[in-house]
Structure formats: C-alpha cells, structure tokens
DNA sequence: TCTTATTTGCAACTTAGTTGCAAATGTAGA
DNA sequence: TCTACATTTGCAACTAAGTTGCAAATAAGA
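Here it is as structure tokens:
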C-alpha cells in the first residue's frame, strides 16, 4: 500500500476485489498502480506513474506493463489528450461516481481537468448533418483560468 | 524539388514566396518539407516526413528543425489529434474555408474528419458547474462508421 | 562578388518505452 | 497449510524518436 498523495478512498481490499473481478492476479505492483491513479487529482502520464512508483522500488517495465494490462482489462482508460503524451485514469469503479465526462486540457500549461460536471451535446447545424462515427471521448482544448489572465 | 507523391499544386516559386512572406530563408530543406506536407493527403507525422525526406538526403535533425520553425512561423499547424503522435499540416494559404468546427478522429484507423456541420454544446449538469477555462478547440474521438462495423 | 548571419549535416546524446529471461510470487487444488 | 505451476516481476540490454553542439556550407543583402 502506497502512502502519500491524496488519501486514497480506495482501500487495499477494494483494489484487490477490483482486480479479481476482471480475473487478474492481485500483485503489489498492480495494486500500487491502481492506488496511484486513484489518488491522483487528474489523469497521470505513464512517466509520472513510473516516477512515483519507482520511488517505492517498483520497476518501470512492470509499471508500463501494469498500465497496459489494466487498460486492456478495462479498469483504466487511456486518454489521448492530444499533447503527444498518454495519460491513464482509473475508471469509476461503481457507477455512483463520475459518469463519462469530457476532459479539458490547457494548451499553455498542459494541465488536464476532468469536466465531470458537464454533458456534451452535439447538434447538427442542418437536419442532414450526420455524425461521422460513434463518439467515445470528448476533449476540449483551450486556456485555463490561470493561463488566460 | 521533390518528386513523387500527389502532384503538388504548390510550385517551387509559391513555396519560396510563402517562406519569404514570413521572413524565412528559402532553403532546400524547408521547401522540401513544405512540398511534402502539401502533397500529403492527410496530416503527416514527423516520422513520416523524416522517412520520406531522408530518402532524398536530408538530415533528420534538419527536418525536425524545419517542422518546428515552420510551425512557429505559422505556416504549418501542429495537430495534436490525440493518438500520442504529432502531425503536421500545411496551413491553408487563404482563409476561404469553414468556420470553427469540431474534429472527429477515429481511434481505430486514425482517420480525421472535420465535423463542419456540427455545433458542440457543453452543458453544466448543475447550476454551479463552471468551465475550467476558455475553450478553443473541440476534439471528438470514437469509432468511424467504417471501423464500427 | 563579398560578407555575415543563418542554416545544415553529422555524430553523439537523451529520454521513453519495450523485450527476453531467470527468479519470485499469487492462486488453485490436495 | 502445503505444493505445483502458471503468471508476474526485476533486471539489463535494447530500440526508436527526438534533441543538441558545433564546424562547414549557404542564402541574401550590400
């Protein structure tokens, strides 16, 4: 169990049952990755997860592998927010939590914020406007309040 | 002048005058980069520009530098389409084009479509939901009709 | 043509991420 | 609880993408 960062709301047992729920073994590395993502205020880059957990003695290749596996298992979303850096975010475990939400990314400082309070509506300007596909993620880019001043 | 690819609509002279217009020297590398981007059907990744132009004897560091400089000069846009790969696209030389619109990117095939017919509306779920900043661009990601089948 | 600041090519370097493999470990079954 | 075995880990070596410093080459103005 990793200490530090935001006090995790996710207990060790909860993390384990989440892993078991998708048929993955409960290893220290995976639990640590889940807890790190859970404690983060915003989606983490692989690099930041690696930096953080290497401090605790985990190996970087293990962490990269864990992130990939958790993503494949559907526990973690891989966000591609458009700055050529991948980010990982723990999926809401129960559906009481944040539903799917857009992300906001500041093009100046790179800060990423979950726009949990927002719904997105796509409106065709004409009746025959058709969506080019099935939407799965919305990314809004702009200048955050700090940088816009 | 680079041969091959889509027959460039951009002549050598046009490329030169574009460079001069922003006060940059007309060098073989920059002209080649402009022509490569112009001939491409869709935005190119730095890697693909490098691969393509190295065949003609240009050095990769020169090409990376050219891309950065052309971008800083405003001749080339750097698209961050959210697949952890940067892409460069020659800016339309005249602004006859479409109003601001969201872009759709297929996470399977990488195809990018301009959703020119659409407006996007972000609605706060509660009255106190506040936008985290000033929005400037919206990217929708998902599966295009071809890949969703 | 000459001069000078800019740009290029090279090679070495950095950084992020990947891979192969032996050792360690989680889990199911006895 | 103990055992067996498949899975996972840590290590080290590797790859690929992009960057940097610098001497040589070159564009552009005088």
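Protein chains in written order, with our numbering: chain A, 50 to 198; chain B, 50 to 198.
Just so it is clear, CB atoms sit at the ideal spot from N, CA and C, and this is done for glycine as well.
For residue 166(A) and residue 178(B), believed in contact at Cβ under 8 angstroms, the rounded distance: 3 angstroms
Length at least 4, wholly inside the segment 63 to 137 of chain B: the alpha helix (DSSP H) runs in chain order: 77 to 88, 95 to 103 and 109 to 121
Residue 73(B) to residue 107(A) span [Cα, whole Å]: 49 angstroms
Under 9 angstroms by beta carbon: chain B residues contacting residue 202(A): Given a span of 50 to 198 for chain A in the structure shown, any question on residue 202(A) remains unanswerable.
Cβ-Cβ distance between residue 153(B) and residue 126(B) below 7 angstroms: no
Test: residue 194(A) CB closer than 7 angstroms to a CB of chain B: yes
Element boundaries [beta strand (DSSP E), containing residue 152(B)]: 152 to 155
Limits of the beta strand (DSSP E) - the one that residue 177(B) falls within: Counting along the chain, residue 177(B) falls outside any beta strand (DSSP E), and DSSP gives it neither H nor E.
Selection from 93(A), 164(A), 176(A) and 64(A) that minimises the alpha carbon distance to residue 79(A): 64(A)
Cβ of residue 114(B) within 7 angstroms of any chain A Cβ: no
Contact set for residue 121(B): own chain, Cβ-Cβ below 6 angstroms, skip 5 residues either direction: none
Contact set for residue 169(A): own chain, Cβ-Cβ below 7 angstroms, skip 5 residues either direction: Residues of the same chain with a CB within less than 7 angstroms of the CB of residue 169(A), apart from the 5 flanking positions on each side, are 151 and 187 in chain order.
Residues near residue 181(B) in its chain [Cβ-Cβ closer than 6 angstroms; skip 5 each side]: none
Any C-beta of chain B under 7 angstroms from that of residue 166(A): yes
Within chain B, the residues that residue 162(A) reaches when beta carbons sit closer than 7 angstroms: 181
Inter-residue Cα distance where the pair is residue 144(A) and residue 88(B): Because the pLDDT of residue 144(A) is 38, which lies under 50, any placement of that residue in the model is unreliable, and the number read from its coordinates should be weighed accordingly. C-alpha separation (whole angstroms): 48 angstroms.
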